[in-house]
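Heads up, the thing below is written out as structure tokens.
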């Protein structure tokens, strides 16, 4: 009651305006976060929270399908940050400031009650790609590529320097379907390209 | 200015209290949504927006690894609703009201610049499982199972009746690692069981 009384004496339209502004700010704070990554002294700080971003697809290229010498002998769970996903749904383009994470997961099992196949095992690494005019003014498509995986894949580094452009971008430039991203293998991105709300799944009876 | 003046004359502490309450309500509306599904006349309405929930893992059990007759000849992208994910992170348990979605994706390609493997093609179906004492009082673990896939996998139904318990739960009861859920194949759930913030990825240098 003491507080209520104090408030009632000092209240005015500016206070209301401030509260409304504050509320709007709180509501949209996450949506308005410009970027979901931090680059400091040329190094990308290891991103956090990406398992709560939007998942787009998982390729698996196991050793036993590549003569025991797969270049990427794991499942790759791929995520895009939520603001870039919102932009993709709206426009069908990767915004400046997009970050895509690739979490590496070992082949854990090849047989289950559901049949023979490839089942996900343990986390063994983490990679990222970023589209940024500011940080990558001279890279093709403004994309840069990073890995936080240690050589023996038993830990993650705190920061990562970008790979030399050619080591990643040669494949991405020649083979990726959409702006250096392999959307042909990511059904969530492919179906969601510029489709608005429907991109999030289940809104129509057609399969898209 | 007209509006501001009108506001300043009628403002009082109750108005402020209402605005603050409204703001708090808006901020927590999503977090407080009790369930992410609707069951009407015993049928589950097709859920929407699940591609923006939390992804937990993808098994693939293709025909060519199962004598051409796989029981589930696709990739299965599996998601959990955000409130049940929050509960899982906090407690390591599936809350009453959990919904887990399984989006079926065809094998789209078996070779890419990254090597031979299994790459995701097109969406071909949608399934769900729900843990609910209210709706499934007599089912093992209170789980029920649904499919929105049409027989030829070229569309989705609007609603789904639950499968007879035995048709799904026999395998889930005997082989699933944690409360009828195959967490052994879902690294995000396994790593995130009761681990709080760390469950979302990237917070520590250890791989979990």
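Chains as they are written, first to last, in my numbering: chain R, 1 to 208; chain F, 1001 to 1208. Glycine is no exception: its CB is placed at the ideal position from the N, C-alpha and C atoms. Only a predicted model underlies this, so the values are computations on that prediction, with no experimental measurement involved.
If you ignore the 5 residues before and after residue 1162/F, its C-beta comes within less than 7 Å of the C-beta of 1144, 1145 and 1146, all in its own chain and listed in chain order.
For the segment 177 to 194 of chain R, the beta-carbon criterion of a distance under 8 Å to any beta-carbon of chain F is satisfied by 182, 184, 185, 186, 187, 188, 191 and 192.
Contact of residue 1054/F with chain R by beta-carbon distance below 9 Å involves 51, 52 and 55.
Below the 7 Å Cβ cutoff, chain F contributes 1060 and 1118 as neighbours of residue 118/R, in chain order. Within the same chain, 1075, 1105 and 1108 come within 6 Å of residue 1120/F by CB-CB distance, once the 5 residues on both sides are set aside. When 7 Å is used as the limit between beta carbons, residue 151/R is near no residue of chain F, the shortest such separation being about 14 Å.
Residue-level contact check: residue 1124/F touches chain R, since one or more beta carbons of chain R fall below 8 Å from its beta carbon. Close CB contacts of residue 208/R within its chain, under the 8 Å cut and outside five residues either way in sequence, are with 191, 195 and 198 (chain order).
Burial state of residue 200/R is buried, judged by a 10 Å Cβ sphere holding 16 or more other Cβ atoms. By DSSP's assignment, residue 1113/F forms no beta bridge with any residue.
For the segment 75 to 98 of chain R, the residues whose beta carbon sits under 9 Å from a beta carbon of chain F are, in order, 75, 76, 77, 79, 82 and 85. Taking 8 Å as the threshold, the shortest C-beta distance from residue 1047/F to chain R falls below it.
About 6 Å separates the Cβ atoms of residue 1065/F and residue 117/R, confirming a contact at the 8 Å cut-off. DSSP places residue 1188/F inside the alpha helix (DSSP H), whose first and last residues are 1187 to 1192. Comparing C-alpha distances from residue 181/R to each of 131/R, 166/R, 151/R and 54/R shows the shortest one belongs to 131/R.
Residue 1169/F: member of the alpha helix (DSSP H) spanning 1165 to 1175, first to last residue.
The beta carbons of residue 1205/F and residue 158/R sit about 7 Å from each other, so the pair counts as a contact at 8 Å. Counting C-beta atoms within 10 angstroms of its own C-beta, residue 110/R has fewer than 16 neighbours from the protein chains shown and is therefore classed as exposed. Taking the Cβ atoms as the reference, residue 123/R lies roughly 28 Å from residue 179/R, outside the contact range of under 8 Å. Residue 1053/F sits in coil when the DSSP states are folded into three classes, being neither helix nor strand. Of the candidates 81/R, 34/R and 61/R, 81/R places its Cα closest to the Cα of residue 189/R. For the 8 Å CB-CB criterion, residue 97/R and residue 84/R form a contact. In this structure, the straight-line span from the alpha carbon of residue 48/R to that of residue 137/R is close to 25 Å. DSSP, reduced to helix, strand and coil, places residue 92/R outside both helices and strands of the structure shown, so it counts as coil. Shortest Cα-Cα distance from residue 1193/F to any of 1050/F, 1037/F, 1059/F and 1087/F involves 1087/F.
Leaving aside the five residues that flank residue 1063/F on each side, the residues in its chain whose CB is nearer than 6 Å to its CB run, in chain order, 1070 and 1073. Rounded to whole angstroms, the gap between the alpha carbons of residue 1153/F and residue 203/R is 17 Å. Within the segment 155 to 177 of chain R, contact with chain F at the beta-carbon level (separation under 8 Å) is assigned to 155, 156, 157, 158, 171, 174 and 175. Relative to the Cα of residue 1167/F, the nearest Cα in the group 1040/F, 1183/F and 1129/F belongs to 1129/F.
No residue range can be given for residue 1066/F, since it is assigned to no beta strand (DSSP E) and is classified by DSSP as neither H nor E. It is roughly 46 Å from the alpha-carbon of residue 1034/F to the alpha-carbon of residue 173/R.
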